[in-house]
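Student:
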(Lines of atoms letter the chains of each structure in order from A and count residues from 1; the text may use other names and numbers.)
(Lines give C-alpha, C1' and ligand atoms only; values in the text may rest on other atoms or scores of the structure.)
Protein backbone atom coordinates (compact mmCIF):
# COMPACT_ATOMS: atom_id res chain seq x y z
CA UNK A 1 0.00 0.00 0.00
CA UNK A 2 1.75 3.11 -1.24
CA UNK A 3 1.85 5.97 1.20
CA UNK A 4 -0.60 4.88 3.86
CA UNK A 5 0.40 2.49 6.62
CA UNK A 6 -1.67 1.26 9.55
CA UNK A 7 -0.74 -0.64 12.70
CA UNK A 8 -2.69 -2.39 15.45
CA UNK A 9 -1.89 -3.95 18.82
CA UNK A 10 -3.88 -5.71 21.54
CA UNK A 11 -3.16 -6.53 25.19
CA UNK A 12 -5.11 -8.45 27.83
CA UNK A 13 -2.89 -7.37 30.73
CA UNK A 14 -4.63 -5.72 33.69
CA UNK A 15 -1.74 -3.52 34.83
CA UNK A 16 -1.82 -0.35 32.75
CA UNK A 17 1.95 0.15 32.58
CA UNK A 18 2.46 -3.44 31.52
CA UNK A 19 -0.35 -3.24 28.95
CA UNK A 20 1.17 -0.06 27.52
CA UNK A 21 4.57 -1.69 27.13
CA UNK A 22 2.92 -4.74 25.60
CA UNK A 23 1.18 -2.79 22.84
CA UNK A 24 4.25 -0.63 22.19
CA UNK A 25 6.32 -3.78 21.65
CA UNK A 26 3.78 -4.97 19.09
CA UNK A 27 3.63 -1.61 17.32
CA UNK A 28 7.40 -1.38 17.02
CA UNK A 29 8.36 -1.53 13.35
CA UNK A 30 4.82 -1.57 11.97
CA UNK A 31 4.96 2.08 10.84
CA UNK A 32 7.80 3.48 8.77
CA UNK A 33 7.02 7.08 9.74
CA UNK A 34 5.11 8.97 12.39
CA UNK A 35 1.40 8.38 12.92
CA UNK A 36 -1.16 10.90 11.77
CA UNK A 37 -3.88 9.36 13.95
CA UNK A 38 -3.84 7.13 17.04
CA UNK A 39 -6.96 5.63 18.63
CA UNK A 40 -6.96 3.87 21.99
CA UNK A 41 -9.77 1.63 23.24
CA UNK A 42 -9.56 0.49 26.87
CA UNK A 43 -11.71 -1.45 29.33
CA UNK A 44 -12.58 -0.12 32.78
CA UNK A 45 -9.40 -1.69 34.18
CA UNK A 46 -7.43 1.16 32.54
CA UNK A 47 -10.01 3.91 33.15
CA UNK A 48 -7.97 6.05 35.51
CA UNK A 49 -4.80 5.75 33.41
CA UNK A 50 -6.38 6.18 29.96
CA UNK A 51 -5.33 9.84 29.61
CA UNK A 52 -1.71 9.12 30.44
CA UNK A 53 -1.62 6.00 28.24
CA UNK A 54 -3.12 7.84 25.28
CA UNK A 55 -0.68 10.74 25.71
CA UNK A 56 2.29 8.35 25.87
CA UNK A 57 1.23 6.47 22.75
CA UNK A 58 0.66 9.71 20.85
CA UNK A 59 4.04 11.12 21.87
CA UNK A 60 5.98 7.96 21.05
CA UNK A 61 4.25 7.53 17.69
CA UNK A 62 4.43 11.24 16.87
CA UNK A 63 0.68 11.49 16.31
CA UNK A 64 -1.09 14.67 15.22
CA UNK A 65 -4.34 13.48 16.81
CA UNK A 66 -4.88 10.98 19.63
CA UNK A 67 -8.25 9.69 20.79
CA UNK A 68 -9.12 7.34 23.63
CA UNK A 69 -12.34 5.89 25.01
CA UNK A 70 -13.42 3.43 27.68
CA UNK A 71 -15.48 0.41 26.69
CA UNK A 72 -16.85 -2.87 27.93
CA UNK A 73 -14.68 -4.92 25.60
CA UNK A 74 -12.08 -4.43 22.87
CA UNK A 75 -10.93 -6.20 19.74
CA UNK A 76 -7.81 -6.35 17.62
CA UNK A 77 -6.56 -8.56 14.81
CA UNK A 78 -8.65 -11.74 15.03
CA UNK A 79 -9.29 -11.50 18.76
CA UNK A 80 -12.17 -10.06 20.75
CA UNK A 81 -11.69 -9.48 24.49
CA UNK A 82 -15.19 -9.33 25.95
CA UNK A 83 -14.35 -10.39 29.50
CA UNK A 84 -11.58 -9.03 31.67
CA UNK A 85 -9.01 -6.36 30.86
CA UNK A 86 -8.30 -5.17 27.34
CA UNK A 87 -6.31 -2.46 25.57
CA UNK A 88 -6.54 -2.05 21.79
CA UNK A 89 -4.51 0.50 19.82
CA UNK A 90 -4.73 1.51 16.18
CA UNK A 91 -2.38 3.95 14.46
CA UNK A 92 -2.13 5.23 10.92
CA UNK A 93 0.48 7.08 8.91
CA UNK A 94 -1.46 8.90 6.19
CA UNK A 95 0.50 11.20 3.88
CA UNK A 96 -1.68 13.76 2.16
CA UNK A 97 -4.49 13.35 4.69
CA UNK A 98 -5.87 16.07 6.95
CA UNK A 99 -7.15 15.09 10.39
CA UNK A 100 -9.31 17.66 12.20
CA UNK A 101 -10.11 16.65 15.79
CA UNK A 102 -13.17 18.00 17.58
CA UNK A 103 -14.79 17.81 21.00
CA UNK A 104 -18.30 18.68 22.18
CA UNK A 105 -19.17 19.09 25.82
CA UNK A 106 -22.55 18.98 27.50
CA UNK A 107 -22.99 22.75 27.33
CA UNK A 108 -22.55 22.72 23.53
CA UNK A 109 -25.65 20.68 22.70
CA UNK A 110 -28.33 23.42 22.85
CA UNK A 111 -26.45 25.67 20.45
CA UNK A 112 -25.48 22.80 18.14
CA UNK A 113 -28.91 21.20 17.95
CA UNK A 114 -30.83 24.48 17.61
CA UNK A 115 -28.55 26.11 15.05
CA UNK A 116 -29.89 26.11 11.47
CA UNK A 117 -26.30 25.53 10.36
CA UNK A 118 -25.85 22.46 12.54
CA UNK A 119 -22.15 22.13 13.32
CA UNK A 120 -21.00 24.66 10.73
CA UNK A 121 -19.64 26.97 13.41
CA UNK A 122 -17.82 24.08 15.06
CA UNK A 123 -16.61 21.98 12.14
CA UNK A 124 -15.72 23.87 8.98
CA UNK A 125 -16.85 21.95 5.92
CA UNK A 126 -17.81 24.60 3.36
CA UNK A 127 -15.01 24.77 0.74
CA UNK A 128 -16.29 28.14 -0.49
CA UNK A 129 -16.03 29.78 2.90
CA UNK A 130 -12.90 31.84 3.48
CA UNK A 131 -10.24 29.92 5.34
CA UNK A 132 -12.33 26.77 5.77
CA UNK A 133 -11.17 23.23 5.27
CA UNK A 134 -12.27 20.80 2.60
CA UNK A 135 -15.33 18.60 3.00
CA UNK A 136 -14.46 15.44 4.96
CA UNK A 137 -14.18 12.05 3.33
CA UNK A 138 -15.58 10.60 6.55
CA UNK A 139 -16.08 11.48 10.20
CA UNK A 140 -15.20 9.19 13.10
CA UNK A 141 -17.36 9.93 16.14
CA UNK A 142 -17.28 8.49 19.66
CA UNK A 143 -19.45 9.68 22.52
CA UNK A 144 -20.70 9.10 26.04
CA UNK A 145 -24.28 7.74 25.83
CA UNK A 146 -25.38 9.36 29.10
CA UNK A 147 -24.56 12.96 28.18
CA UNK A 148 -25.03 13.02 24.40
CA UNK A 149 -28.32 13.62 22.55
CA UNK A 150 -27.29 10.91 20.13
CA UNK A 151 -29.66 11.22 17.19
CA UNK A 152 -29.71 15.01 17.45
CA UNK A 153 -25.92 15.11 17.22
CA UNK A 154 -25.86 12.81 14.19
CA UNK A 155 -28.56 14.96 12.55
CA UNK A 156 -26.45 18.07 13.17
CA UNK A 157 -23.47 16.41 11.48
CA UNK A 158 -25.58 15.41 8.49
CA UNK A 159 -26.95 18.95 8.19
CA UNK A 160 -23.43 20.35 8.15
CA UNK A 161 -21.86 17.72 5.89
CA UNK A 162 -24.64 16.05 3.87
CA UNK A 163 -23.63 12.77 2.32
CA UNK A 164 -20.51 12.43 4.49
CA UNK A 165 -20.48 9.14 6.35
CA UNK A 166 -20.23 9.22 10.13
CA UNK A 167 -18.91 6.05 11.73
CA UNK A 168 -18.20 5.23 15.37
CA UNK A 169 -19.68 4.08 18.63
CA UNK A 170 -20.80 4.97 22.14
CA UNK A 171 -18.61 4.43 25.19
CA UNK A 172 -19.64 1.29 27.07
CA UNK A 173 -17.57 0.97 30.26
CA UNK A 174 -20.06 2.68 32.58
CA UNK A 175 -23.46 2.10 34.12
CA UNK A 176 -23.98 5.73 35.13
CA UNK A 177 -23.02 9.25 33.99
CA UNK A 178 -19.48 10.31 34.78
CA UNK A 179 -17.85 6.88 34.73
CA UNK A 180 -16.79 6.80 31.07
CA UNK A 181 -13.62 8.51 29.87
CA UNK A 182 -13.04 10.24 26.55
CA UNK A 183 -9.56 11.51 25.69
CA UNK A 184 -8.65 13.90 22.92
CA UNK A 185 -5.15 15.30 22.47
CA UNK A 186 -4.30 15.27 26.15
CA UNK A 187 -7.64 16.39 27.55
CA UNK A 188 -9.71 13.86 29.53
CA UNK A 189 -13.48 14.25 29.75
CA UNK A 190 -16.28 12.34 31.49
CA UNK A 191 -18.98 13.50 29.07
CA UNK A 192 -19.82 14.61 25.54
CA UNK A 193 -18.31 13.48 22.27
CA UNK A 194 -14.96 13.39 20.51
CA UNK A 195 -13.89 12.55 17.00
CA UNK A 196 -12.00 13.47 13.88
CA UNK A 197 -12.97 14.70 10.43
CA UNK A 198 -10.84 12.95 7.81
CA UNK A 199 -10.13 14.50 4.43
CA UNK A 200 -7.53 14.41 1.68
CA UNK A 201 -5.78 11.53 -0.06
CA UNK A 202 -7.67 8.69 1.59
CA UNK A 203 -10.68 6.58 0.87
CA UNK A 204 -12.95 5.33 3.65
CA UNK A 205 -15.43 2.58 2.76
CA UNK A 206 -17.94 1.58 5.37
CA UNK A 207 -20.08 -1.48 5.97
CA UNK A 208 -22.96 -1.53 8.44
CA UNK A 209 -24.32 -4.98 9.26
CA UNK A 210 -27.53 -4.88 11.29
CA UNK A 211 -27.62 -8.66 11.56
CA UNK A 212 -31.21 -9.21 10.46
CA UNK A 213 -32.95 -11.28 7.81
CA UNK A 214 -36.26 -10.16 6.24
CA UNK A 215 -39.33 -12.35 6.57
CA UNK A 216 -42.67 -12.13 4.83
CA UNK A 217 -43.16 -9.49 2.18
CA UNK A 218 -42.80 -5.68 2.15
CA UNK A 219 -45.77 -3.56 3.27
CA UNK A 220 -46.58 0.10 2.69
CA UNK A 221 -47.55 2.23 5.69
CA UNK A 222 -50.98 3.67 4.94
CA UNK A 223 -51.73 5.28 8.31
CA UNK A 224 -49.33 6.46 11.01
CA UNK A 225 -49.00 8.96 13.83
CA UNK A 226 -45.43 9.92 14.74
CA UNK A 227 -43.71 6.61 15.56
CA UNK A 228 -46.96 4.58 15.71
CA UNK A 229 -47.83 2.47 12.68
CA UNK A 230 -51.60 2.14 12.53
CA UNK A 231 -52.23 0.55 9.15
CA UNK A 232 -50.21 -1.45 6.65
CA UNK A 233 -51.67 -1.82 3.17
CA UNK A 234 -54.99 -0.50 4.47
CA UNK A 235 -55.21 -3.10 7.27
CA UNK A 236 -54.62 -2.79 10.99
CA UNK A 237 -50.92 -3.18 11.63
CA UNK A 238 -51.20 -5.92 14.25
CA UNK A 239 -53.43 -7.99 11.99
CA UNK A 240 -50.63 -7.92 9.42
CA UNK A 241 -48.07 -8.88 12.07
CA UNK A 242 -50.16 -11.90 13.13
CA UNK A 243 -50.55 -12.92 9.50
CA UNK A 244 -46.79 -12.79 8.97
CA UNK A 245 -46.15 -14.80 12.14
CA UNK A 246 -48.65 -17.47 11.08
CA UNK A 247 -46.84 -17.85 7.75
CA UNK A 248 -43.44 -18.61 9.34
CA UNK A 249 -41.90 -22.05 9.44
CA UNK A 250 -40.95 -23.65 12.75
CA UNK A 251 -37.38 -22.34 12.69
CA UNK A 252 -38.40 -18.72 12.22
CA UNK A 253 -41.19 -19.11 14.78
CA UNK A 254 -38.55 -20.17 17.29
CA UNK A 255 -36.34 -17.21 16.37
CA UNK A 256 -39.17 -14.76 16.95
CA UNK A 257 -39.97 -16.44 20.28
CA UNK A 258 -36.33 -16.19 21.39
CA UNK A 259 -35.27 -12.85 19.95
CA UNK A 260 -38.50 -10.97 19.08
CA UNK A 261 -39.52 -9.59 15.71
CA UNK A 262 -38.10 -6.37 14.27
CA UNK A 263 -39.17 -3.81 11.69
CA UNK A 264 -36.96 -2.84 8.78
CA UNK A 265 -37.82 0.54 7.28
CA UNK A 266 -36.69 1.04 3.69
CA UNK A 267 -34.33 4.01 3.43
CA UNK A 268 -34.41 4.58 -0.34
CA UNK A 269 -37.94 4.17 -1.67
CA UNK A 270 -36.78 4.74 -5.26
CA UNK A 271 -35.26 1.27 -5.57
CA UNK A 272 -37.17 -1.37 -7.50
CA UNK A 273 -36.46 -4.08 -4.94
CA UNK A 274 -35.06 -4.23 -1.44
CA UNK A 275 -32.34 -6.41 0.03
CA UNK A 276 -29.42 -6.39 2.45
CA UNK A 277 -28.40 -2.91 3.48
CA UNK A 278 -31.63 -1.26 2.33
CA UNK A 279 -33.39 -1.35 5.71
CA UNK A 280 -33.02 0.57 8.94
CA UNK A 281 -33.72 -2.00 11.66
CA UNK A 282 -35.76 -0.85 14.64
CA UNK A 283 -37.50 -2.49 17.62
CA UNK A 284 -41.23 -2.75 18.18
CA UNK A 285 -41.48 -0.87 21.47
CA UNK A 286 -45.18 -1.26 22.20
CA UNK A 287 -48.54 -2.41 20.87
CA UNK A 288 -52.18 -1.43 21.29
CA UNK A 289 -54.08 -4.72 20.97
CA UNK A 290 -57.49 -3.07 20.96
CA UNK A 291 -56.68 -0.55 18.23
CA UNK A 292 -54.33 -2.87 16.31
CA UNK A 293 -51.43 -0.39 16.39
CA UNK A 294 -47.72 -0.84 17.07
CA UNK A 295 -45.08 1.65 18.18
CA UNK A 296 -41.63 1.60 16.57
CA UNK A 297 -38.33 2.88 17.96
CA UNK A 298 -38.07 5.27 15.03
CA UNK A 299 -39.20 8.93 15.13
CA UNK A 300 -39.26 9.21 11.34
CA UNK A 301 -42.22 6.96 10.50
CA UNK A 302 -44.60 8.39 7.91
CA UNK A 303 -47.31 7.33 5.48
CA UNK A 304 -45.99 5.96 2.19
CA UNK A 305 -42.88 4.32 3.59
CA UNK A 306 -42.19 0.64 3.03
CA UNK A 307 -41.37 -1.74 5.86
CA UNK A 308 -40.57 -5.43 6.09
CA UNK A 309 -40.47 -7.53 9.24
CA UNK A 310 -37.14 -9.02 10.27
CA UNK A 311 -35.64 -11.73 12.48
CA UNK A 312 -32.23 -11.66 14.12
CA UNK A 313 -30.01 -14.45 15.39
CA UNK A 314 -26.34 -15.44 15.28
CA UNK A 315 -26.64 -17.28 11.98
CA UNK A 316 -28.47 -14.39 10.30
CA UNK A 317 -25.92 -11.91 11.69
CA UNK A 318 -23.00 -13.90 10.27
CA UNK A 319 -24.73 -14.31 6.92
CA UNK A 320 -25.61 -10.62 6.76
CA UNK A 321 -22.07 -9.45 7.58
CA UNK A 322 -20.47 -11.90 5.14
CA UNK A 323 -22.70 -10.77 2.28
CA UNK A 324 -22.12 -7.08 2.97
CA UNK A 325 -18.36 -7.60 3.24
CA UNK A 326 -18.35 -9.01 -0.29
CA UNK A 327 -18.80 -5.44 -1.54
CA UNK A 328 -15.61 -4.39 0.26
CA UNK A 329 -13.62 -6.82 -1.90
CA UNK A 330 -14.43 -4.73 -4.98
CA UNK A 331 -12.27 -1.87 -3.78
CA UNK A 332 -8.88 -3.54 -3.64
CA UNK A 333 -6.52 -4.08 -0.75
CA UNK A 334 -7.01 -2.13 2.46
CA UNK A 335 -4.45 -0.45 4.69
CA UNK A 336 -6.41 -0.98 7.91
CA UNK A 337 -9.84 -0.94 9.51
CA UNK A 338 -11.74 0.07 12.64
CA UNK A 339 -14.72 -1.96 13.87
CA UNK A 340 -17.41 -0.71 16.23
CA UNK A 341 -19.55 -3.68 17.22
CA UNK A 342 -22.42 -3.91 19.68
CA UNK A 343 -21.89 -5.19 23.19
CA UNK A 344 -24.92 -7.40 22.48
CA UNK A 345 -23.01 -9.24 19.77
CA UNK A 346 -19.91 -11.32 20.49
CA UNK A 347 -20.57 -14.42 22.57
CA UNK A 348 -24.03 -13.11 23.50
CA UNK A 349 -25.20 -13.40 19.90
CA UNK A 350 -22.90 -16.02 18.43
CA UNK A 351 -22.30 -18.19 21.57
CA UNK A 352 -18.57 -18.01 20.83
CA UNK A 353 -15.84 -15.38 20.76
CA UNK A 354 -14.03 -13.56 17.94
CA UNK A 355 -16.73 -13.92 15.24
CA UNK A 356 -16.95 -10.35 13.89
CA UNK A 357 -13.17 -9.82 13.89
CA UNK A 358 -12.60 -13.07 12.03
CA UNK A 359 -15.30 -12.25 9.47
CA UNK A 360 -13.53 -8.98 8.64
CA UNK A 361 -10.11 -10.63 8.36
CA UNK A 362 -11.49 -13.47 6.22
CA UNK A 363 -13.08 -10.99 3.81
CA UNK A 364 -10.30 -8.41 3.59
CA UNK A 365 -7.21 -10.46 4.27
CA UNK A 366 -4.88 -10.01 7.21
CA UNK A 367 -4.83 -6.30 8.05
CA UNK A 368 -4.41 -4.02 11.09
CA UNK A 369 -7.83 -4.10 12.75
CA UNK A 370 -8.90 -2.61 16.07
CA UNK A 371 -12.13 -1.57 17.71
CA UNK A 372 -14.46 -1.97 20.66
CA UNK A 373 -17.82 -3.23 21.87
CA UNK A 374 -20.12 -0.22 21.95
CA UNK A 375 -23.33 0.79 23.71
CA UNK A 376 -24.76 1.93 20.38
CA UNK A 377 -23.06 1.97 16.99
CA UNK A 378 -22.94 4.84 14.50
CA UNK A 379 -22.98 4.22 10.77
CA UNK A 380 -24.73 4.92 7.47
CA UNK A 381 -27.54 3.02 5.81
CA UNK A 382 -27.78 4.09 2.18
CA UNK A 383 -26.61 7.71 2.46
CA UNK A 384 -28.01 8.52 5.91
CA UNK A 385 -26.29 8.01 9.26
CA UNK A 386 -28.07 6.47 12.25
CA UNK A 387 -27.51 5.21 15.77
CA UNK A 388 -27.91 1.42 15.77
CA UNK A 389 -28.11 -1.52 18.16
CA UNK A 390 -26.78 -5.08 17.69
CA UNK A 391 -24.85 -3.79 14.70
CA UNK A 392 -21.31 -4.07 13.38
CA UNK A 393 -20.13 -0.77 11.89
CA UNK A 394 -16.86 -1.07 9.98
CA UNK A 395 -14.71 1.66 8.44
CA UNK A 396 -12.00 0.53 6.03
CA UNK A 397 -9.11 2.82 5.10
CA UNK A 398 -7.53 2.70 1.65
CA UNK A 399 -4.91 4.76 -0.12
CA UNK A 400 -6.84 6.86 -2.63
CA UNK A 401 -4.64 5.95 -5.61
CA UNK A 402 -5.72 2.66 -7.14
CA UNK A 403 -8.43 2.04 -4.55
CA UNK A 404 -11.46 2.89 -6.64
CA UNK A 405 -14.37 0.49 -6.90
CA UNK A 406 -15.40 -1.09 -10.18
CA UNK A 407 -17.80 1.76 -10.86
CA UNK A 408 -15.47 4.42 -9.47
CA UNK A 409 -17.72 5.41 -6.58
CA UNK A 410 -17.26 4.82 -2.87
CA UNK A 411 -19.50 2.67 -0.66
CA UNK A 412 -20.36 5.57 1.59
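In my numbering, the protein residues as written are 10 to 421. Glycine is no exception: its CB is placed at the ideal position from the N, C-alpha and C atoms.
List the residues that DSSP assigns as beta-bridge partners of residue 110.
Tutor: Per DSSP, 205.
Student: Three or more C-beta pairs under 8 Å: does that hold for the region 354-370 against the region 173-193?
Tutor: No, the region 354-370 does not touch the region 173-193.
Student: Hey, could you find the ends of the alpha helix (DSSP H) residue 32 is sitting in?
Tutor: From DSSP, the alpha helix (DSSP H) with residue 32 extends over 25-36.
Student: According to DSSP, simplified to helix, strand and coil, what is residue 421?
Tutor: With a pLDDT of 47 at residue 421, under the threshold of 50, the predicted position of this residue should be treated as unreliable, and no value is reported.
Student: Starting from residue 397, trace the beta strand (DSSP E) both ways and give me its first and last residue.
Tutor: Segment 393-397, the beta strand (DSSP E) holding residue 397.
Student: Specify the secondary structure class of residue 161 as computed by DSSP and reduced to three states.
Tutor: If DSSP states are grouped into helix, strand and coil, residue 161 belongs with the helices.
Student: Excluding sequence positions up to five away, which residues of its chain have a Cβ less than 7 Å from the Cβ of residue 264?
Tutor: If we look at residue 264 and ignore the five residues flanking it on each side, its Cβ neighbours are 320 and 322.
Student: In terms of residues, what are the limits of the alpha helix (DSSP H) holding residue 69?
Tutor: Run containing residue 69: 59-70, per the alpha helix (DSSP H) assignment.
Student: Kindly indicate which three-state DSSP category residue 302 falls into: helix, strand or coil?
Tutor: Of the three classes helix, strand and coil, the one that applies to residue 302 here is strand, per DSSP.
Student: Using the Cβ count rule (16 or more neighbours within 10 Å means buried), how would you classify residue 172?
Tutor: Classification of residue 172: exposed, given that the 10 Å Cβ count is below 16.
Student: Check whether the region 11-21 and the region 90-108 are in contact - that is, three or more C-beta pairs closer than 8 Å.
Tutor: Contact between the region 11-21 and the region 90-108 is present, because at least three Cβ pairs lie under 8 Å.
Student: In three-state DSSP terms, what is residue 200?
Tutor: Coil.
Student: DSSP state of residue 139, grouped into three classes?
Tutor: With a pLDDT of 38 at residue 139, under the threshold of 50, the modelled position of that residue is not reliable, and the figure given next carries that caveat. If DSSP states are grouped into helix, strand and coil, residue 139 belongs with coil.
Student: Under three-state DSSP, which class holds residue 343?
Tutor: Note: residue 343 maps to coil in three-state DSSP.
Student: Quick one: Cα of residue 200 to Cα of residue 194, how far?
Tutor: Those two C-alpha atoms are separated by around 15 Å.
Student: Going by DSSP, what residue range makes up the alpha helix (DSSP H) through residue 240?
Tutor: From DSSP, residue 240 is part of no alpha helix (DSSP H) but of the beta strand (DSSP E) over 237-241.
Student: State the Cα-Cα distance for the pair residue 45 and residue 71, rounded to the nearest angstrom.
Tutor: The straight-line gap from Cα to Cα measures roughly 8 Å.
Student: Please report the distance separating the alpha-carbon of residue 57 from that of residue 352.
Tutor: Cα to Cα, the separation comes out at about 22 Å.
Student: Using the DSSP secondary-structure output, state which residues sit across from residue 359 in a beta bridge.
Tutor: Answer by DSSP bridge pairing: none, since residue 359 is not bridged.
Student: List the whole-angstrom C-beta distance separating residue 224 from residue 257, where the pair is believed to meet the contact cut-off of C-beta under 8 Å.
Tutor: The pair is a contact, with the Cβ atoms about 6 Å apart (cut-off 8 Å).
Student: Going by C-alpha distance, which of 381, 174, 244 and 400 is nearest residue 86?
Tutor: Among 381, 174, 244 and 400, the Cα nearest to that of residue 86 belongs to 381.
Student: What does the alpha-carbon distance come out to for the pair residue 376 and residue 82?
Tutor: Going from the Cα of residue 376 to the Cα of residue 82 covers about 20 Å.
Student: Do the region 260-280 and the region 288-298 make contact, defined as three or more Cβ pairs closer than 8 Å?
Tutor: Enough Cβ pairs lie closer than 8 Å, so yes.
Student: Under the rule that 16 or more other beta-carbon atoms within 10 Å means buried, what is residue 54, buried or exposed?
Tutor: With 16 or more other Cβ atoms within 10 Å, it is buried.
Student: Would you report the Cα separation of residue 210 and residue 106, rounded to the nearest angstrom?
Tutor: Computed Cα separation, rounded: 5 Å.
Student: Check whether the region 305-317 and the region 336-346 touch, using three or more Cβ-Cβ pairs below 8 Å as the test.
Tutor: Touching, no, given that fewer than three Cβ pairs across the two stretches are closer than 8 Å.
Student: Work out the CA separation of residue 221 and residue 359 for me, nearest whole Å.
Tutor: Between residue 359 and residue 221, the C-alpha separation is close to 13 Å.
Student: Look at the alpha carbon of residue 427 and the alpha carbon of residue 216, and state the distance between them as a whole number of angstroms.
Tutor: No statement about residue 427 is possible, as the shown extent of the chain runs from 10 to 421 and does not include it.
Student: So residue 422 is in the beta strand (DSSP E); what residue range does that whole segment cover?
Tutor: As displayed, the chain neither begins before 10 nor continues past 421, which places residue 422 out of reach and without an answer.
Student: Could you check what DSSP says for residue 246 in three-state terms: helix, strand or coil?
Tutor: Residue 246: helix per DSSP, three-state reduction.
Student: For residue 43, collect the residues of the same chain with a Cβ closer than 6 Å to its Cβ; drop the 5 residues on either side in sequence, then sort them by chain order.
Tutor: The answer, listed in chain order, is 71.
Student: Which same chain residues end up closer than 6 Å to residue 67 when comparing Cβ atoms and leaving out the 5 residues on each side of it in sequence?
Tutor: For residue 67, where only same-chain residues beyond five positions count, the Cβ hits under 6 Å are 47 and 75.
Student: Mapping DSSP to helix, strand and coil, what is residue 8?
Tutor: Outside the modelled stretch of the chain, which goes from 10 to 421, sits residue 8, for which no answer is possible.
Student: Run through DSSP, which three-state label would residue 43 get?
Tutor: Residue 43: coil per DSSP, three-state reduction.
Student: What do you get for residue 312, buried or exposed, if any count of 16 or more other CB atoms within 10 angstroms of its CB means buried?
Tutor: Exposed, by the Cβ-count rule.
Student: Is DSSP giving residue 119 helix, strand or coil here?
Tutor: Helix, per DSSP.
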